[in-house]
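Here's the structure, in C-alpha cells; my notes come after.
Number of protein chains: 2
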Amino acid sequence: MNEAKAPETEKSEPIQRLGEIGLSNFAPYLMNRIMGRYNADLRQEMTGLGLTTPKMRALAVLSVIDDLPISDLAVYAVVEQSTLSRALDQLASDGLVRRGPDPNDSRVTRIGITGTGRAALDQLWPSMARVYAQMFKDIPDEERQAFVTTLQKMLKNIRKHDF
Amino acid sequence: MNEAKAPETEKSEPIQRLGEIGLSNFAPYLMNRIMGRYNADLRQEMTGLGLTTPKMRALAVLSVIDDLPISDLAVYAVVEQSTLSRALDQLASDGLVRRGPDPNDSRVTRIGITGTGRAALDQLWPSMARVYAQMFKDIPDEERQAFVTTLQKMLKNIRKHDF
DNA sequence: GATTTATAATTGCAAATGCATATTATTTTG
DNA sequence: CAAAATAATATGCATTTGCAATTATAAATC
Chain A
119 MNEAKAPETE KSEPIQRLGE IGLSNFAPYL MNRIMGRYNA DLRQEMTGLG LTTPKMRALA
179 VLSVIDDLPI SDLAVYAVVE QSTLSRALDQ LASDGLVRRG PDPNDSRVTR IGITGTGRAA
239 LDQLWPSMAR VYAQMFKDIP DEERQAFVTT LQKMLKNIRK HDF
Chain B
119 MNEAKAPETE KSEPIQRLGE IGLSNFAPYL MNRIMGRYNA DLRQEMTGLG LTTPKMRALA
179 VLSVIDDLPI SDLAVYAVVE QSTLSRALDQ LASDGLVRRG PDPNDSRVTR IGITGTGRAA
239 LDQLWPSMAR VYAQMFKDIP DEERQAFVTT LQKMLKNIRK HDF
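So the sequence lines, in the order shown, correspond to chains A and B. First residue of the first sequence: 119, per this note's numbering; consecutive thereafter. First residue of the second sequence: 119, per this note's numbering; consecutive thereafter.
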C-alpha cells in the first residue's frame with residue numbers, strides 16, 4: 119500500500135522518472151491533491167449560496183480587481199472563456215455582476231461586481247478563510263511567507279500572460 | 119488594471135478580507151493559477167496519446183503504487199469515484215490497466231497498470247518533466263526542497279484520508 | 001483605404017462530469 | 001446469527017464543460 123522509496127543514488131541527473139521521485143516529493147502532485155481538497159471543501163458552501171467554482175472564482179477576482187474584460191477575467195479566474203461566458207450569464211441575471219462596454223474597444227465587455235456580488239462573496243469568505251487557515255495550521259508565518267514567494271516565482275515561470 | 123496594495127497596518131488579525139491580502143499573496147489562488155497552467159499545458163500532449171486528465175492521473179499514480187483499490191486510487195489521483203470508474207473502463211479496454219479481484223474483500227476491485235500502460239505514461243513523461251522543470255526554473259534546489267516540505271505539511275493538514 | 005489577419009465574446013453540440021441511486025458484499029449490532 | 005448499517009463499485013441522468021465555429025470589431029498589411 120505504501121509507495122516505494124527511491125534508491126539513495128545521488129549521481130548526475132538522467133531525467134528521473136516519477137516512480138523514482140515518488141508522488142510525495144513531486145510538487146505538482148501535492149499541489150493537485152491540496153487544491154482538490156480545498157476546492158471540494160468549498161464546493162459544499164458554494165452550493166448553499168447558489169455558486170459554482172467558476173462563479174465563485176470570478177467574484178473573488180472581481181472583489182480585488184474590478185471592471186475586467188472577460189478575457190482577462192478568464193485568465194485571472196482560471197476558467198475557460200466559454201465556461202466563464204456562461205457563468206457570467208448566471209451571475210448577471212442574479213445581479214451579482216454587471217456587463218458594461220469598454221470605452222476604447224467595442225469588442226470588449228467589462229465585468230463589474232455589484233454590491234450584491236460583494237455580499238455573496240462576503241458570505242463565502244469565512245469558509246475560504248477557514249480552509250485557508252486549516253491548510254497552514256502549525257506552519258510558521260515565516261515558512262508560509264517563503265512558500266508564497268516561491269509560488270510567485272513559479273507563476274511567473276509558467277504563466278502565458280503578463281499578470 | 120493592477121491590484122490594490124493592502125495598507126501597511128500590521129496590528130492584530132481581525133480576519134483579513136481577500137482584497138486586503140491581495141490575489142498575489144493568497145496561496146490558494148496562486149496554486150490554482152499554477153496548476154491550471156500545468157494541467158492545460160499537459161492536456162495538449164495527453165490528447166495526442168488518447169488520454170484525458172483523469173486517465174493520465176490514474177496511470178501516473180499506478181506507475182508509483184500499483185494494484186490499488188479503485189476507491190484509494192480515486193483519492194490518490196484526485197478524481198471523483200464515478201468519473202474514475204468510467205475512465206478505468208476506457209483504460210482497461212485500451213489495455214493500459216487491468217481490473218482484478220481483491221483476495222480479501224470481494225467488494226473491491228484492484229487496478230493494475232500494464233506494460234502498455236507504463237509505455238503510454240513513458241511517452242507522456244518527458245512533457246511532464248519539461249513543464250515541471252519550467253515551473254522551477256531558476257529556483258534553487260534548497261528552495262524547492264523547502265517548498266515541497268511545506269506542501270507535505272499542508273496535505274497532512276487538509277487531507278481526509280491517511281495517505 | 002480596401003483586404004487580410006487577429007482579437008473579444010458568444011453559442012452549438014458532443015463529451016465529460018458529478019450527484020444520487022442501485023447493486024453486491026462486508027461488518028456491526030441486538 | 002439475523003437484521004441493520006456501512007462500504008466498494010457501477011450506472012442513470014441532468015448539468016457542465018470545452019472545443020470549434022460564429023459574429024462583430026479592431027489592427028495590420030499591401
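Note that beta-carbon positions come from the ideal geometry of N, C-alpha and C, so glycine has one too.
Check: Just grab the DSSP bridge partners of Arg217/A for me.; Outcome: Ile229/A
Check: How big is the Cα-Cα spacing for Asp220/B and Leu186/B?; Outcome: 9 Å
Check: Checking contacts by CB at 9 Å: is Pro244/A closer than that to chain B?; Outcome: yes
Check: How many angstroms separate the CA atom of Ala195/A from the CA atom of Asp223/B?; Outcome: 44 Å
Check: Quick one: list the residues of chain A neighbouring Gly140/B, beta-carbon separation under 8 Å, in chain order.; Outcome: Val182
Check: For Phe265/B, which residues of its own chain have a beta-carbon under 7 Å away from its beta-carbon, when the five flanking residues on both sides are left out?; Outcome: none
Check: How would you call Ile133/A, buried or exposed, if buried means at least 16 neighbouring beta carbons within 10 angstroms?; Outcome: exposed
Check: Let me make sure I understand the geometry here. Which of Lys173/B, Ala178/B, Gln162/B has the alpha-carbon closest to that of Ile139/A?; Outcome: Ala178/B
Check: Are the C-beta atoms of Asn222/A and some chain B residue less than 9 Å apart?; Outcome: no
Check: Spell out the partners DSSP gives Pro187/B in its beta bridges.; Outcome: Arg228/B
Check: Between Val215/B and Gly233/B, which are expected to be in contact by the criterion C-beta below 8 Å, what is the C-beta distance as a whole number of angstroms?; Outcome: So it is not a contact: roughly 11 Å between Cβ atoms.
Check: Going by beta-carbon coordinates alone, are Lys255/B and Asn150/A separated by less than 9 Å?; Outcome: no
Check: Compare the C-beta of Ile133/B against all C-beta atoms of chain A and say whether one is closer than 9 Å.; Outcome: yes
Check: What are the residues of the region 152-177 of chain B that lie near chain A, defined by any Cβ-Cβ distance shorter than 7 Å?; Outcome: Ile152, Met153, Gly154, Arg155, Tyr156
Check: Is it buried or exposed for Pro244/B, if we count other Cβ within 10 angstroms and need 16 for buried?; Outcome: exposed
Check: If distances are taken between C-alpha atoms only, which option among Arg204/B, Pro258/B, Gln270/B comes closest to Met253/A?; Outcome: Gln270/B
Check: Buried or exposed: which applies to Lys278/A, given that a residue is buried once 16 or more other Cβ atoms fall within 10 Å of its Cβ?; Outcome: exposed
Check: Taking only beta carbons into account, state which residues of the region 191-220 of chain A come closer than 8 Å to chain B, listed in chain order.; Outcome: Tyr194, Val196
Check: List the residues of chain A that Gln252/B touches, going by C-beta distances under 7 Å, in chain order.; Outcome: Asn275, Ile276
Check: Is any beta-carbon of chain B found at less than 9 Å from that of Gln288/A?; Outcome: It is not possible to answer for residue 288/A, since the shown part of chain A is limited to 119 through 281.
Check: With 9 Å set as the bound, which would you pick, yes or no: does the beta-carbon of Val226/B sit closer than that to a beta-carbon of chain A?; Outcome: no
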